[in-house]
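Asker:
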Amino acid sequence: MNKRIEFKLWLAHRLSAMALGLFVVVHLAGMIIAIQGGLSSAEILQRTSGNYAMGLFYSLFTIAAATHSTIGLRTVAREVLGWGGMSANFVLIAFFLFLCAMGISAVGGLVL
Amino acid sequence: MEDNQKKIRVSVWRGGEDGTFESFQVPYVEDQTILDLLTHVQRTVDNSLSYRFACRVGMCGSCAMQVNGKPRWTCRTLVRSVIQDGELKLEPLSNLPVVKDLVVDMKPFFDKWQEAKGRFEPSDSPVTEFVPIKPDDKQRQKADEAIECINCGCCYAACDVVELNPNYLGPAALNRAWSLINDAKDFANPERLKAVSGDGGCQNCHTNSQCVARCPLQLNPTRSIAGLKKAVSLATLKGEI
Ligand code: HEM
Ligand code: SF4
Ligand code: SF4
Ligand code: FES
Numbered sequence: 082m083n084k085r086i087e088f089k090l091w092l093a094h095r096l097s098a099m100a101l102g103l104f105v106v107v108h109l110a111g112m113i114i115a116i117q118g119g120l121s122s123a124e125i126l127q128r129t130s131g132n133y134a135m136g137l138f139y140s141l142f143t144i145a146a147a148t149h150s151t152i153g154l155r156t157v158a159r160e161v162l163g164w165g166g167m168s169a170n171f172v173l174i175a176f177f178l179f180l181c182a183m184g185i186s187a188v189g190g191l192v193l
Numbered sequence: 003m004e005d006n007q008k009k010i011r012v013s014v015w016r017g018g019e020d021g022t023f024e025s026f027q028v029p030y031v032e033d034q035t036i037l038d039l040l041t042h043v044q045r046t047v048d049n050s051l052s053y054r055f056a057c058r059v060g061m062c063g064s065c066a067m068q069v070n071g072k073p074r075w076t077c078r079t080l081v082r083s084v085i086q087d088g089e090l091k092l093e094p095l096s097n098l099p100v101v102k103d104l105v106v107d108m109k110p111f112f113d114k115w116q117e118a119k120g121r122f123e124p125s126d127s128p129v130t131e132f133v134p135i136k137p138d139d140k141q142r143q144k145a146d147e148a149i150e151c152i153n154c155g156c157c158y159a160a161c162d163v164v165e166l167n168p169n170y171l172g173p174a175a176l177n178r179a180w181s182l183i184n185d186a187k188d189f190a191n192p193e194r195l196k197a198v199s200g201d202g203g204c205q206n207c208h209t210n211s212q213c214v215a216r217c218p219l220q221l222n223p224t225r226s227i228a229g230l231k232k233a234v235s236l237a238t239l240k241g242e243i
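Here the protein sequences line up with chains X and D, keeping their order.
Numbering (my numbering) for the first sequence: 82 to 193.
Numbering (my numbering) for the second sequence: 3 to 243.
Right, dumping it as structure tokens:
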């Protein structure tokens, strides 16, 4: 196995954190602009359905959040709970896929 | 004369890992160091007491131990500056195996220096032109502080991550690697960048600076480690390692 996998996970964690920082700012700016036109769910759906650029943006946001929280929690599991190794990795991968699936299906609900 | 002198109580760790504290009454002398006090105990009370020192002036890094719970160099620590309620507690340095009394086995500490490639490596081929290293050189300035390390192990004993993860190379070894990475005469890269980013590598550091707080020379291993994280990240992203 690649000996530097731990470093690469750390790097992915920090890069996804950087992406999240940027996404949060864009998201907030988007919200502030969007609510000018009203806040009903019908209006939101009207704006979002068919908006594939927005769909892509929130899908990336979801993947970055899933990556960041999974790797961060992996460190916490190992250092605080002393839980590491294959069993922890397995559960964390499942958690990562769960977050991606939930997030992307929510995005799909808005866009499609 | 010593009888009417002020005394202090010192609890000293005796034995190996499963030892206990032994208490001594020692005369208080203005400006005495912890090392002076131990010398007094060894010479006048119990000559079987083991502790390490060499230079007595803060250069060799051999005299570190836990003083009232904190790692300190004992040759330059005044009793009056650390004593609490007239008492002192002396223990062997944390995070290292105890040999006897106040002496620890420094092997894991120095093994990690080697693991982090903390050894200068000259060029394979004969050098025809030596790189001039000027004091105002940017790279040299990055290493300026890091090279002052005396290998005392105080930072290593203070680091929570070392305690939690026995593989972690620790602040001193990583700080040493950083000084060599910035040495234009050293040719161990990119191998050294790989060496500092394995399972026990620089990414384990939580940037909480316990090492900085405890370094008797006020060096900043945390900053060196941050430099390593950045250098290894860039090399990894560029596909160099
Ligand atoms: C959306 C906004 C977020 C941003 C901008 C963000 C940013 C960051 C940054 C910059 C760090 C590194 C701190 C350091 O270098 O010491 C970090 C650490 C961490 N984050 Fe996040 N984070 C976000 C959301 C989350 C979420 C939702 C979780 C979920 C569980 C999470 C879990 C963690 C954990 C556990 C760490 C510590 C990991 C370690 O010390 O190795 N973060 N975060
Ligand atoms: S900053 Fe890093 S090396 Fe220093 S004590 Fe904290 S975890 Fe250890
Ligand atoms: S960095 Fe400071 S505390 Fe750590 S070994 Fe070197 S001199 Fe001692
Ligand atoms: S005896 Fe050399 S540093 Fe203390």
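Virtual Cβ for every residue (Gly too), placed ideally from N, Cα, C.
Source: prediction; values computed, not measured.
Given Glu123 (chain D), which residues of its chain have a CB within under 7 angstroms of its CB, disregarding the five upstream and five downstream residues?
Answerer: Taking the first residue of the second sequence as 1, we reach residue 123 (chain D) at position 121. Closer than 7 angstroms at the Cβ level, and outside the excluded window around Glu123 (chain D), lie Asp188, Phe189 and Ala190.
Asker: Is Met61 (chain D) near ligand 4, with its Cβ less than 7 angstroms from a heavy atom?
Answerer: Translated into the one-based positions of the second sequence, residue 61 (chain D) becomes position 59. Met61 (chain D): yes, Cβ under 7 angstroms from ligand 4.
Asker: What do you reckon, is the C-beta of Ile116 (chain X) under 7 angstroms from a heavy atom of ligand 3?
Answerer: As a working mapping, residue 116 (chain X) is identified with position 35 in the first sequence. The answer is no for Ile116 (chain X).
Asker: Applying a beta-carbon distance threshold of less than 7 angstroms, which residues of chain X neighbour Val164 (chain D)?
Answerer: As a position in the second sequence, residue 164 (chain D) is number 162, starting the count at 1. Ordered by position in chain X, no residue passes the 7 angstroms Cβ test against Val164 (chain D), which lies about 12 angstroms from the chain.
Asker: Specify whether the stretch 28-41 of chain D and the stretch 173-185 of chain X touch according to this definition: at least 3 beta carbon pairs, one from each stretch, less than 8 angstroms apart.
Answerer: They do not touch, by the three-pair rule.
Asker: Taking only runs of the alpha helix (DSSP H) that begin and end inside the stretch 113-149 of chain X, which ones reach a length of at least 4 residues, in chain order?
Answerer: Whole alpha helix (DSSP H) segments, 4+ residues: 122-129.
Asker: Mind pulling the chain D residues with CB within less than 7 angstroms of Leu92 (chain X)?
Answerer: The residue given as residue 92 (chain X) occupies position 11 in the first sequence. Here the neighbours are Ser235 and Thr238.
Asker: Look at the Cβ atom of Met67 (chain D), then the Cβ atom of Glu93 (chain D), and state whether they are nearer than 8 angstroms.
Answerer: Locating residue 67 (chain D) in the second sequence gives position 65, where the first residue counts as 1. Locating residue 93 (chain D) in the second sequence gives position 91, where the first residue counts as 1. Cβ atoms of Met67 (chain D) and Glu93 (chain D): closer than 8 angstroms.
Asker: Shortest alpha-carbon distance to Pro218 (chain D) belongs to which of D:Asn49, D:Thr22, D:Pro73 and D:Arg16?
Answerer: Here residue 218 (chain D) refers to the residue found at position 216 when the second sequence is read from its first residue. For Pro218 (chain D), the nearest C-alpha among the options comes from D:Pro73.
Asker: Ligand 4 heavy atoms versus the CB of Cys217 (chain D): any closer than 7 angstroms?
Answerer: On the second sequence, residue 217 (chain D) is found 215 positions in, with the first residue counted as 1. Answer for Cys217 (chain D): no, Cβ out of range of ligand 4.
Asker: Work out the CA separation of Cys156 (chain D) and Gly229 (chain D) for me, nearest whole Å.
Answerer: Here residue 229 (chain D) refers to the residue found at position 227 of the second sequence. Here residue 156 (chain D) refers to the residue found at position 154 of the second sequence. Cα to Cα, Gly229 (chain D) sits roughly 21 angstroms from Cys156 (chain D).
Asker: To the nearest angstrom, report how far apart Glu24 (chain D) and Trp15 (chain D) are at their CA atoms.
Answerer: Here residue 24 (chain D) corresponds to residue number 22 of the second sequence, with the count starting at 1. Here residue 15 (chain D) corresponds to residue number 13 of the second sequence, with the count starting at 1. Approximately 6 angstroms, taken between the alpha carbons.
Asker: Of all the alpha helix (DSSP H) runs that stay within the bounds of the stretch 100-156 of chain D, which reach a length of 4 or more residues?
Answerer: Complete alpha helix (DSSP H) runs here, min 4: 109-117 and 140-146.
Asker: Quick check: what's the CA-CA separation for Ser64 (chain D) versus Ala237 (chain D)?
Answerer: Start at 1 with the first residue of the second sequence, and residue 64 (chain D) comes out as number 62. Start at 1 with the first residue of the second sequence, and residue 237 (chain D) comes out as number 235. Their Cα atoms are separated by approximately 36 angstroms.
Asker: Which same chain residues, not among the five before or five after Glu19 (chain D), have their C-beta less than 6 angstroms away from its C-beta?
Answerer: Reading the second sequence from its first residue, position 17 is the one you call residue 19 (chain D). Cβ within range, chain order: Val100.
Asker: Indicate, with yes or no, if ligand 1 has a heavy atom lying under 7 angstroms from the CB of Ala98 (chain X).
Answerer: Residue numbering aside, residue 98 (chain X) sits at position 17 when the first sequence is read from its first letter. Answer for Ala98 (chain X): yes, Cβ within range of ligand 1.
Asker: Do we get a CB-CB distance below 8 angstroms when we pair Ser52 (chain D) with the residues of chain C?
Answerer: Checking the listed chains, one finds no chain C in this structure; the protein chains it contains are X and D.
Asker: Using the DSSP secondary-structure output, state which residues sit across from Leu191 (chain X) in a beta bridge.
Answerer: Locating residue 191 (chain X) in the first sequence gives position 110, counting from the first residue. The partner list for Leu191 (chain X) (beta bridge, DSSP) is empty, contrary to what the question assumes.
Asker: For Ser199 (chain D), return the contacting residues in chain X, with the cut-off set at a CB-CB distance below 7 angstroms.
Answerer: Residue mapping note: residue 199 (chain D) aligns to position 197 of the second sequence, counting from 1. In chain order: Arg85 and Phe88.
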